[in-house]
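Counting from 110, one number per residue, gives the positions in the sequence shown under the working numbering.
One structure is given here, and the rest of the page talks about it.
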Amino acid sequence: MALLEAVEISKQFGALRALDGVNITVEQGQIHGLIGPNGSGKTSLLKCIAGAEQPSGGRVRFGGEDITLALPPVRARAGLSIKFQITSVLPGLIVFDNVLLALQARDTLWDLALLRVRRRPVERAVGLLADFRLASRADTVAGTLSGGKRKTLAVALALLRQSRVLLLDEPTEGVWVGVIHEIVSRLKQMVWDMAIVIVEQHLELALELAD
């Protein structure tokens, strides 16, 4: 059984038909790449799969269940998550606390003071920041980071969600080339337990990653 299926997805914006009968099937352990010029409908497809947009036609199935009409929080709790092209971090918190909260996103504990004294979350957060070359920015307020660093942090947070399917919309845009290699390495390591759909403008990177 496919982990994710988009069947005959169409999307109309007034007179503009952004998607016209699109089909994709993604298996566990697979990275599915979407490439194409700006305006070709890549982001619209991801939004229809994640529930941020309702398709004008077609069905979305996740783990064999029809989720076409499911709300985004329902899809997220089931393990389908998206990192949008627009960077999304908690701008008022420092980088380290952004990571700590992402580590606990599936639990009920949201007390940062308690999280900071728990050994395992702290060790994982420190390790992740080192992997993505953000260790020196751990105490920096996330909203003051450069655009590239915010994008790097957003990708790191997306990879912490332990999703069954992760939708990534241009995760390397504006990111330093050295960190791109770290992102690629992480994606390859983590995909065995999940599936990834990635929209990417860097053709060589997409071809290197995608099955």
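Yeah, the Cβ is synthetic: ideal placement off N, Cα and C, and Gly gets one too.
According to DSSP, residues forming a beta bridge with residue i
{"i": "Q121", "result": "R126"}
{"i": "E114", "result": "T134 and R170"}
{"i": "G142", "result": "I307"}
Residues near residue i in its chain [Cβ-Cβ closer than 8 Å; skip 5 each side]
{"i": "A319", "result": "I140, H141, G142 and I307"}
{"i": "V274", "result": "L112, L113, V135, F171, G188, L189, S190, M303, A304, I305 and V306"}
{"i": "V116", "result": "N132, G167, R168, V169 and R170"}
{"i": "E317", "result": "V293"}
{"i": "G283", "result": "G256, G257 and K260"}
{"i": "P164", "result": "I118, S119, K120, L128, C157 and T177"}
{"i": "L312", "result": "I144"}
Any C-beta of chain C under 8 Å from that of residue i
{"i": "S165", "result": "Judged by its chain identifiers, the structure shown contains no chain C, having just a single protein chain."}
Top-ranked residue by Cα proximity to residue i, from the options
{"i": "G61", "options": "N147, T196, V169 and A239", "result": "Here the chain covers residues 110 to 320 and nothing more, so residue 61 does not appear."}
{"i": "L266", "options": "V116, G123 and A234", "result": "A234"}
{"i": "V286", "options": "V208, N207 and L314", "result": "L314"}
{"i": "S272", "options": "K192, Q310, L178 and E279", "result": "K192"}
{"i": "L237", "options": "G160, P146, V288 and N147", "result": "V288"}
{"i": "R186", "options": "P146, G160 and N147", "result": "G160"}
{"i": "L155", "options": "L268, A124 and L277", "result": "L277"}
{"i": "L269", "options": "E279, V300 and T249", "result": "V300"}
Contacting residues, own chain, Cβ-Cβ under 6 Å from residue i (five flanking each side not counted)
{"i": "A127", "result": "K120, G150 and S153"}
{"i": "A239", "result": "none"}
{"i": "F122", "result": "none"}
{"i": "Q137", "result": "L112 and A304"}
{"i": "N207", "result": "V198, L199 and A251"}
{"i": "T196", "result": "R259, K260 and A263"}
7 Å Cβ shell around residue i - same chain, five flanking residues per side excluded
{"i": "L252", "result": "Strictly speaking, residue 252 in this sequence is Gly, with Leu absent from that position. The answer, listed in chain order, is P200 and G201."}
{"i": "S294", "result": "none"}
Could you tell me which whole beta strand (DSSP E) segments of length 3 or greater appear in the region 148-224? The DSSP assignment places complete beta strand (DSSP E) segments of no fewer than 3 residues inside the region 148-224 at 166-171 and 189-192, in order along the chain.
Which whole runs of the alpha helix (DSSP H) in the region 244-291 are 4 residues long or more, in chain order? Entirely contained in the region 244-291, the alpha helix (DSSP H) runs reaching 4 residues are, in chain order, 256-268.
Does the region 177-187 touch the region 241-251, meaning 3 or more C-beta pairs lie closer than 8 Å? No: fewer than three Cβ pairs fall under 8 Å.
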